[in-house]
Amino acid sequence: MNSFSITAVVVAARLPLPPGPKPQFIYGNAKDIPHEKPWIGFHEWSKQYGEIFRTKFIVINDHKIAFELLDKRSNIYSDRPGSERYLRLGWGFNMTFFNYGARWKEHRRAMHQNLNNRAVREWRQLQQNATHSFLKKLATEPDQWLYRIEHTYGYDLKEKDEYMPVAKKSIEALTTAQGIGFMIILIGQVIFLLSSVPSWFPGAHFKRFIEAMRPSCEQMLEGPFKDTKERWESLPVKLAGKATDSYVTRLFEEFGGTQVSKDKEQVIKDTSAVLYAAGTDSTYSILSSFFLVCTLYPGVQKKAQEEVSRVVGTDRLPTFSDRESLPFVDALVKELYRWNPAAPLSPSHQILVDDVYDGYLIPAGTIIHPNIWAMTHNEVIYPDPFSFKPERFLGLNEEQAKKVDPRNMIFGFGRRVCVGQYFADQQIWLAVACLIATFDVMKAKDKFGQEITPVPNYPSFVGKPDPFPCVVRVRDTNATKLIEEATIES
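In our numbering, each number is its position in the sequence shown, counted from 1, plus 727.
Pasting the structure below:
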């Protein structure tokens, strides 16, 4: 226990808890929690209780407070609450839900060594291949843009891949479980009692849901890994010591090749499933938002296209080396992150020991929810936060730019920050830049010839919009030529 925590224990009896709604008998605050879009409800609560408040847990709506606690004091704020529902669902392999300890550290180390800010450069060819493949497929079926986003980014899929529906169902199950997570946390004692009753018992609907979804979650973990391992083992010559074509095969070689231990193989299996699920979901979220933004804000799309044409020209597609020369495109990507973040509520933290902040006691075991949506819609930092304005990130000095960069919050905090943040940011930027260079996105029309203006709605714990109509088409014959000539290297 550090000196700060010792002080907290000594003065605990004299300090109040953070403010919050008054709990009710038996139910506590369960009836107070917003059942739909809680991140918005919590943001509204901040007007009454302040930027940090409690129910049965603490919600942080302010980036500065999140940084003070979850970053600066990460040694005591890096645990996770119980993850019984994820274990039962078949998502127990996900290090996001591990308690802070040796197992979490081993999994994170395996991912970090291949996904840190320097290492992700080695994956650029793979990411360029994925983007070029996406463009080619989108050009042939532009009305299937949503399907192509799902189908291109992540596991290397065949045209009719058996694992894609399984993975999609598994990720949807996790999202649903996160949605009911608040009620599970608040009335956890009841959940543990219900865990032993039959599925037909009144109130055990969550148990029926888990039983139905668990096979898909387990298959997502086992199937793609098994296929990748078998293909790697069938290679006539192992390229020991050299980078191979996937995260899985690279870790196999790093961990001893065919002599890899069972424990290390489990780490490879677990972390590769996490990487696939997280990367697929975040890329899907942000790129679907990109199509929505282009539909609603045609001026933004046009300005980005003008910058790409001016800087990159019309005889090639954008590459990673163009990023610093395309400030408006970079600002557009940041605004995509901010406008509707892929994870509006960051995964929860749990404090290990008593702590004190701003005169309030935060007892050991308290669950902390960083409200990313509230942070990225702070009207002081982001004026007119509900409008999409990439210009808000332009013309800033270094200190201002760092303060408002949404990447400082959307990927989480402290030791629990998303280990794949650089990989995801790199992939999303290239996809957006290449889409800008080659496609137009515009409003669809109804049967009377009137334009349809979509109403943005992000209902789930993974920030992707409800389906909406739009028209997608290749910009011109030159764009068609660029897409046809785009290389996909082995």
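Even for Gly, the Cβ is constructed at its ideal location relative to N, Cα and C. It should be emphasised that the depicted structure is a prediction, and the values quoted were computed from it without experimental measurement.
Note on G817: 16 or more other CB atoms within 10 angstroms of its CB, so buried under the neighbour-count rule. Look at the stretch 1132–1161 and you find these whole runs of alpha helix (DSSP H), each 4 residues long or longer: 1134–1137. Nearest in C-alpha terms to V1168, of all of F1150, F1195, F825, Y813, is F1195. Taking 8 Å as the cut-off, the beta carbon of V1131 is found no closer than this to the beta carbon of F1140. DSSP lists no beta-bridge partner residue for E1216.
Annotation: the continuous beta strand (DSSP E) that includes L1088 extends over 1087–1089. Two segments are said to touch when three or more pairs of C-beta atoms, one from each, lie closer than 8 Å; by this definition the stretch 1203–1217 does not touch the stretch 1020–1032. I1163 places its beta carbon 8 Å or farther from that of K1170.
For H1104, no alpha helix (DSSP H) run applies, since DSSP gives it neither H nor E. The beta carbon of L842 sits closer than 7 Å to those of V1146, G1147, Y1149, F1150, all from its chain and outside the five residues before and after it, given in chain order. Taken through DSSP and simplified to helix, strand or coil, V987 comes out as coil. The C-alpha of M822 is placed about 20 Å away from the C-alpha of V847. P1025 sits in a helix when the DSSP states are folded into three classes.
Counting the other Cβ atoms within 10 Å of the Cβ of G1122 gives fewer than 16, which makes it exposed. The alpha carbon of A1004 has as its nearest neighbour, out of S805, E1033, N1124, A1069, the alpha carbon of A1069. A distance of 8 Å or more separates the beta carbons of L1014 and E1034. Under the DSSP assignment, D1082 falls in the beta strand (DSSP E) whose first and last residues are 1082–1084. Put simply, the stretch 1059–1073 touches the stretch 1151–1162. At least three CB pairs are less than 8 Å apart.
When the beta-carbon positions are compared, A894 and M947 come within less than 8 Å of each other. Every unbroken stretch of the alpha helix (DSSP H) spanning 4 or more residues and falling wholly within the stretch 811–846 is given here in chain order: 811–816, 829–842. Shown here for N1184: same chain residues with a beta carbon closer than 8 Å to its own, the five before and five after excluded, namely P1192, D1193 in chain order.
For A837, the closest alpha carbon among the candidates L1079, H770, Q993 is that of Q993. Boundaries for D1057: no beta strand (DSSP E) harbours it, while the alpha helix (DSSP H) harbouring it runs 1054–1066, taken from the DSSP string.
DSSP lists D1167 as the beta-bridge partner residues of R1200. With 16 or more other CB atoms across the displayed protein chains lying within 10 angstroms of its CB, G1190 is buried.
E1178 has K1172 as its beta-bridge partners, per DSSP. The DSSP-derived three-state label of L865 is helix. Contact between T1022 and C1197 is confirmed by a C-beta separation of about 4 Å, below the 8 Å threshold.
The C-beta separation of L1044 from A1213 comes to about 6 Å, placing the pair in contact by the 8 Å criterion. Nearest neighbour of R1200 by Cα position, chosen from G819, I803, L797, L865, turns out to be L865. The beta carbon of E945 lies closer than 7 Å to those of G817 in the same chain, with the five residues before and after it left out. Residue state for D1008 is assigned as helix, using DSSP reduced to three classes. Closest option to K799, judged by alpha-carbon separation, among V1144, P1181, W959, Q852: V1144.
Counting only residues of its own chain and dropping the five nearest sequence neighbours on each side, S1009 has a CB closer than 7 Å to the CB of A1069, A1151. Judged by beta-carbon spacing, F1017 lies beyond the 8 Å limit of V1182, meaning their Cβ atoms are not closer than that value. Membership of I792 in the alpha helix (DSSP H) is indicated by the continuous run 790–793.
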